[in-house]
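For the protein sequence lines, the chains are A and B, in the order given. Take the first sequence: its position 63, counting from 1, is numbered 63 in my numbering, and each next residue is one higher. Take the second sequence: its position 33, counting from 1, is numbered 1033 in my numbering, and each next residue is one higher. Glycine residues also receive a C-beta, built at the ideal position from the N, C-alpha and C atoms.
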Amino acid sequence: MQRFPCPFCGLRDEREFHFVGELGKTRPDTSGPVSDEDWAHYLHMHRNEKGCVREVWMHTTCAELFAMERDSVTMEVLGTTQLRKDAS
Amino acid sequence: MKDYSALKLIREGLTGQKGWRPAWQTPEPKPSYQAVIIGGGGHGLATAYYLAREHGLKSIAVVEKGWLGGGNTGRNTTAIRSNYFYPESAALYDFSVRLYEGLSKELNYNVMFSQRGMMVTAHSHHDMEMAARQYNAMRINGIDAELIDADGVRRRVPLLNFRDDARHPIHGAVVQPRGGTGRHDAVAWGYARGADSLGVDILQNCEVTGIIKEGGRATGIETTKGVIRAEMIGATVAGHSSILADMAGFKLPIHSYALQAFVSEPLKPVLDTVVLCPAHATYVSQSDKGGIVFGGGLDRVPSYGQRGNMPVQEVVVGALTEMMPALAKVKLLRHWGGIVDVTPDSSPIIGPSGIDGLTLNCGWGTGGFKAIPAGGWLLAHHMANGRHHEISRPFDLARFTTGRLVDESAASGIAH
Chain A
1 MQRFPCPFCG LRDEREFHFV GELGKTRPDT SGPVSDEDWA HYLHMHRNEK
51 GCVREVWMHT TCAELFAMER DSVTMEVLGT TQLRKDAS
Chain B
1001 MKDYSALKLI REGLTGQKGW RPAWQTPEPK PSYQAVIIGG GGHGLATAYY
1051 LAREHGLKSI AVVEKGWLGG GNTGRNTTAI RSNYFYPESA ALYDFSVRLY
1101 EGLSKELNYN VMFSQRGMMV TAHSHHDMEM AARQYNAMRI NGIDAELIDA
1151 DGVRRRVPLL NFRDDARHPI HGAVVQPRGG TGRHDAVAWG YARGADSLGV
1201 DILQNCEVTG IIKEGGRATG IETTKGVIRA EMIGATVAGH SSILADMAGF
1251 KLPIHSYALQ AFVSEPLKPV LDTVVLCPAH ATYVSQSDKG GIVFGGGLDR
1301 VPSYGQRGNM PVQEVVVGAL TEMMPALAKV KLLRHWGGIV DVTPDSSPII
1351 GPSGIDGLTL NCGWGTGGFK AIPAGGWLLA HHMANGRHHE ISRPFDLARF
1401 TTGRLVDESA ASGIAH
């Protein structure tokens, strides 16, 4: 089994992790009207890149969301960073 | 083209097998074609064949980065069926089954379509109610179907687990008698040979590196063998559709995942139908060579690596040994992974890409093999006529904006 590094728990079995989505998508501003095209783009359209990808993952055992950078061909993990804003 | 026959076989046997010709040629690319199809798998080759055969196009090329049928066409479990819930899907996949039924004769090439039946088991009282619903939907959709009880399942597939302590006891099943399996390579090779005989240039080892756009219209492709101009371009690149879309400057509602499958050492005949156990999310058939061919769900991590990974392997192999405990000690021979293009509703995308001159056939996800003849036919129809065939209209890319999804992933409750 491959092991992914959770920024909070360290290296853990890949089966503890859940793919959430691509990193960097911005939800349309719903304080005004949003066109069908913009919603569809936000909901459904993906970069789905080959090679280096940046994604949001969840470590299901600690329930933390974090960003993972990895290679979608070799499956090598290039790094993970927490998505929490610093409490201070 | 119609030169394969029993008589020819006997004549060649008596004369030292000297008269066979290559099934297709290996031409150099021309500077321009009327139509270029990107992707030399089943869908691409079928598209080229039907463009030539049904629409009379004279100048067509199929561009393939590797070898014919080396992607998902050569990496599936060869099941062919149309047991779908929604009328749109049933029309699409049954069109494909009907084309498969005549394909060996049409292509003068044995694609070994064996209508040995497709069985989807039910494992509880509630499963049986859903099975009845599925059966009714199929019959309303005009698809052949049977609803059978546990004794019926036991008579047809005694290999299944009928022990009292089975994890998922069998209560019955829905069967599509016209479902079955085909020979994956033969489908690609048969279409390639048919297309070649109609004048299609099949360009292997020719990778597309860019889409040429002029005035917002796709007018050609850049390849490792130079620039090729085209009046129209069709894309049939499955799991790599997002890469192609990126070259042309748009995005698709697709995630690419590896889907893996397995084949065992050859056994004497033990299983004469295709069986899917939804409770195990695993399906199995036996090939004509005797191998137990089986697979399960998608890998959990989006991927372009054409290989499987251990967690899913463990689940699928474990499920098979629970479904059919007698197979527990059978040795695996090979296992493989293909990159499949998964859409939000598990239905394909056929039609305009949004870029003039570029038409799409993608998003088949885990079930593209069974749809090869229909996918090729419908893409060819759209390219030649500039508009949808009635069967492909519901599968337009625009459905993700209008919200009119054909959500088979929710409706059928079966692996795709």
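Length of the line joining the Cα atoms of K1065 (chain B) and N1205 (chain B) = Sequence index remark: in the second sequence, residue 1065 (chain B) carries index 65 (1-based). Sequence index remark: in the second sequence, residue 1205 (chain B) carries index 205 (1-based). Cα to Cα, K1065 (chain B) sits roughly 5 Å from N1205 (chain B).
query = What residues in its chain sit with their C-beta under 6 Å from that of H1255 (chain B), if we drop five residues either side in the sequence?
reply = By one-based count along the second sequence, residue 1255 (chain B) stands at place 255. These residues qualify, in order along the chain: P1302 and V1342.
message = Quick check on this structure: which residue in B:V1237, B:N1161, B:V1111 and B:Y1004 has the alpha carbon closest to the alpha carbon of I1037 (chain B)?
response = Start at 1 with the first residue of the second sequence, and residue 1037 (chain B) comes out as number 37. Considering only alpha carbons, the answer is B:V1237.
ask   = So, is V1111 (chain B) buried or exposed, given that buried needs 16 or more other C-beta atoms within 10 angstroms?
value = As a first step, residue 1111 (chain B) must be located in the second sequence, where it is residue number 111. Looking at its Cβ environment, which holds 16 or more other Cβ atoms inside 10 Å, V1111 (chain B) is buried.
request  = Flag G1376 (chain B) as yes when its Cβ comes closer than 7 Å to any non-hydrogen atom of the ligand FAD, and as no otherwise.
outcome  = Looking for the ligand FAD in the displayed structure turns up nothing, as the structure carries no ligands at all.
task = For chain A, find out if any of its Cβ atoms is closer than 8 Å to the Cβ of I1292 (chain B); answer yes or no.
result = Looking up residue 1292 (chain B) in the second sequence gives position 292. Output row for I1292 (chain B): interface = no.
task = Answer with yes or no whether the minimum CB distance from L1252 (chain B) to chain A is below 8 Å.
result = Taking the first residue of the second sequence as position 1, residue 1252 (chain B) is located at position 252. At a cut-off of 8 Å between beta-carbon atoms, L1252 (chain B) makes contact with chain A.
inquiry  = Please identify the residue among B:G1357, B:R1300, B:L1271 and B:M1118 whose C-alpha is closest to the C-alpha of E14 (chain A).
reply    = Your numbering for residue 14 (chain A) matches position 14 in the first sequence. The shortest Cα separation from E14 (chain A) among B:G1357, B:R1300, B:L1271 and B:M1118 belongs to B:R1300.
task = Could you name the residues that DSSP lists as bridge partners for Y1033 (chain B)?
result = Within the second sequence, the letter at position 33 stands for residue 1033 (chain B). Paired residue(s): B:A1230.
query = Taking any Cβ of chain B, which residues in the stretch 14 to 46 of chain A have a Cβ under 7 Å from it, in chain order?
reply = Cβ contacts with chain B: E14, R15, F19, D36, E37, A40, H44, M45 and H46.
message = Would you say M1247 (chain B) lies against chain A (beta-carbon separation less than 8 Å)?
response = On the second sequence, position 247 is the one that residue 1247 (chain B) refers to. Judged by the 8 Å Cβ criterion, M1247 (chain B) is not in contact with chain A.
Residues that H1255 (chain B) contacts on chain A, provided the C-beta gap is smaller than 7 Å = As a first step, residue 1255 (chain B) must be located in the second sequence, where it is residue number 255. Contact note: H1255 (chain B) reaches chain A through H46 and N48, using a C-beta cutoff of 7 Å and chain order.
message = Would R1116 (chain B) and D1272 (chain B) qualify as a contact pair, given that the criterion is a beta-carbon distance under 8 Å?
response = In the second sequence, counting from the first residue as 1, residue 1116 (chain B) sits at position 116. In the second sequence, counting from the first residue as 1, residue 1272 (chain B) sits at position 272. Yes; because the gap between Cβ atoms is below 8 Å, this pair is in contact.
inquiry  = Give me the DSSP bridge partner(s) of M1324 (chain B).
reply    = In the second sequence, counting from the first residue as 1, residue 1324 (chain B) sits at position 324. None, per the DSSP bridge assignment.
message = When you compare the CB of T61 (chain A) with every CB in chain B, is at least one pair closer than 8 Å?
response = As a first step, residue 61 (chain A) is located in the first sequence; it is residue number 61 there, counting from the start. Among the residues facing chain B, T61 (chain A) is not included, as its CB has no counterpart in that chain under 8 Å away.
message = Given this structure, state the Cα-to-Cα distance separating T26 (chain A) from G1069 (chain B), to the nearest angstrom.
response = Residue 26 (chain A) sits at position 26 when you count from the first residue of the first sequence. Residue 1069 (chain B) sits at position 69 when you count from the first residue of the second sequence. If you take the alpha carbons of T26 (chain A) and G1069 (chain B), they lie about 39 Å apart.
message = Taking the alpha helix (DSSP H) that H1240 (chain B) belongs to, which residues open and close that run?
response = As a first step, residue 1240 (chain B) must be located in the second sequence, where it is residue number 240. It is not in any alpha helix (DSSP H) - H1240 (chain B) carries neither H nor E in the DSSP assignment.
ask   = Do the CB positions of Y1049 (chain B) and Y1257 (chain B) come within less than 8 Å of each other?
value = Position 49 of the second sequence holds residue 1049 (chain B). Position 257 of the second sequence holds residue 1257 (chain B). No; because the gap between Cβ atoms is not below 8 Å, this pair is not in contact.
query = Using 8 Å as the limit for Cβ to Cβ distance, is M58 (chain A) near chain B?
reply = Translated into positions along the first sequence, residue 58 (chain A) becomes position 58. It does not; no Cβ of chain B falls within 8 Å.
query = Are any of the Cβ atoms in chain A nearer than 8 Å to that of G1305 (chain B)?
reply = Position 305 of the second sequence holds residue 1305 (chain B). Taking Cβ atoms only, chain A reaches closer than 8 Å to G1305 (chain B), which makes this a yes.
Contained beta strand (DSSP E) runs [length at least 3] in the stretch 1034 to 1088 of chain B, N- to C-terminal order = DSSP runs (the beta strand (DSSP E)) wholly in the stretch 1034 to 1088 of chain B: 1060 to 1063.
Beta-bridge partners of P5 (chain A), as assigned by DSSP = One-based indexing of the first sequence puts residue 5 (chain A) at position 5. Under DSSP, the beta-bridge partners assigned to P5 (chain A) are A:L11.
inquiry  = Can you tell me where the alpha helix (DSSP H) holding Y1191 (chain B) begins and where it ends?
reply    = Working through the second sequence from its first residue, we reach residue 1191 (chain B) at position 191. Secondary structure note for Y1191 (chain B): its alpha helix (DSSP H) is the uninterrupted segment H1184 to S1197.
query = Nearest-angstrom Cα distance between F1369 (chain B) and W39 (chain A)?
reply = Translated into positions along the second sequence, residue 1369 (chain B) becomes position 369. Translated into positions along the first sequence, residue 39 (chain A) becomes position 39. The alpha-carbon atoms of F1369 (chain B) and W39 (chain A) are separated by roughly 32 Å.
task = Would you please verify whether the beta carbon of V73 (chain A) is less than 8 Å from any beta carbon of chain B?
result = As a working note, residue 73 (chain A) is residue 73 in the first sequence. For V73 (chain A), the closest Cβ of chain B is nearer than 8 Å.
ask   = Across which residues does DSSP place V1275 (chain B) in a beta bridge pair?
value = By one-based count along the second sequence, residue 1275 (chain B) stands at place 275. For V1275 (chain B), the beta-bridge partners assigned by DSSP are B:M1119 and B:V1284.
Listed by chain order, chain A residues near T1401 (chain B) by CB distance under 7 Å = Here the question's residue 1401 (chain B) lines up with position 401 in the second sequence. Within chain A, the residues near T1401 (chain B) are D36, E37 and A40.
request  = Taking C-beta pairs closer than 8 Å, name the residues in chain A that I1170 (chain B) reaches, listed in chain order.
outcome  = Locating residue 1170 (chain B) in the second sequence gives position 170, where the first residue counts as 1. Neighbours of I1170 (chain B) on chain A: none; closest Cβ ~28 Å, over 8 Å.
task = State the CB to CB distance for the pair V1157 (chain B) and V1275 (chain B), rounded to an integer number of angstroms; the pair is presumed to be in contact (CB under 8 Å).
result = Here residue 1157 (chain B) refers to the residue found at position 157 of the second sequence. Here residue 1275 (chain B) refers to the residue found at position 275 of the second sequence. Rounded, the Cβ-Cβ distance is 6 Å, consistent with contact.
ask   = Quick one: which chain B residues come within Cβ less than 9 Å of M1 (chain A)?
value = In the first sequence, residue 1 (chain A) corresponds to position 1, counting from 1. Per Cβ cutoff of 9 Å: N1309, M1310, P1311 and E1314.
query = According to the neighbour-count rule (16 or more other Cβ atoms, all chains shown, within 10 Å of its Cβ), is A1326 (chain B) buried or exposed?
reply = Within the second sequence, residue 1326 (chain B) is the residue found at index 326, counting from 1. The residue in question, A1326 (chain B), is exposed, as its Cβ has fewer than 16 Cβ neighbours within 10 Å.
query = For P1022 (chain B), does the three-state DSSP call read helix, strand or coil?
reply = Sequence index remark: in the second sequence, residue 1022 (chain B) carries index 22 (1-based). It is coil, neither helix nor strand.
ask   = Taking just the CA atoms, how far does P7 (chain A) sit from L1057 (chain B)?
value = To locate residue 1057 (chain B), count along the second sequence from 1; it is residue 57. To locate residue 7 (chain A), count along the first sequence from 1; it is residue 7. Between L1057 (chain B) and P7 (chain A), the C-alpha separation is close to 57 Å.
Distance, R1098 (chain B) Cα to N1083 (chain B) Cα = Against the second sequence, residue 1083 (chain B) aligns to sequence position 83. Against the second sequence, residue 1098 (chain B) aligns to sequence position 98. In a straight line, the C-alpha of N1083 (chain B) is about 13 Å away from that of R1098 (chain B).
request  = Check whether the Cβ of P5 (chain A) lies closer than 8 Å to any Cβ atom in chain B.
outcome  = Within the first sequence, numbered from 1, the residue matching residue 5 (chain A) stands at position 5. Answer no: the Cβ-Cβ gap between P5 (chain A) and chain B never drops below 8 Å.
Beta-carbon gap between P1169 (chain B) and H1123 (chain B) smaller than 8 Å = The residue given as residue 1169 (chain B) occupies position 169 in the second sequence. The residue given as residue 1123 (chain B) occupies position 123 in the second sequence. Contact annotation: P1169 (chain B) and H1123 (chain B) have beta-carbon atoms nearer than 8 Å.
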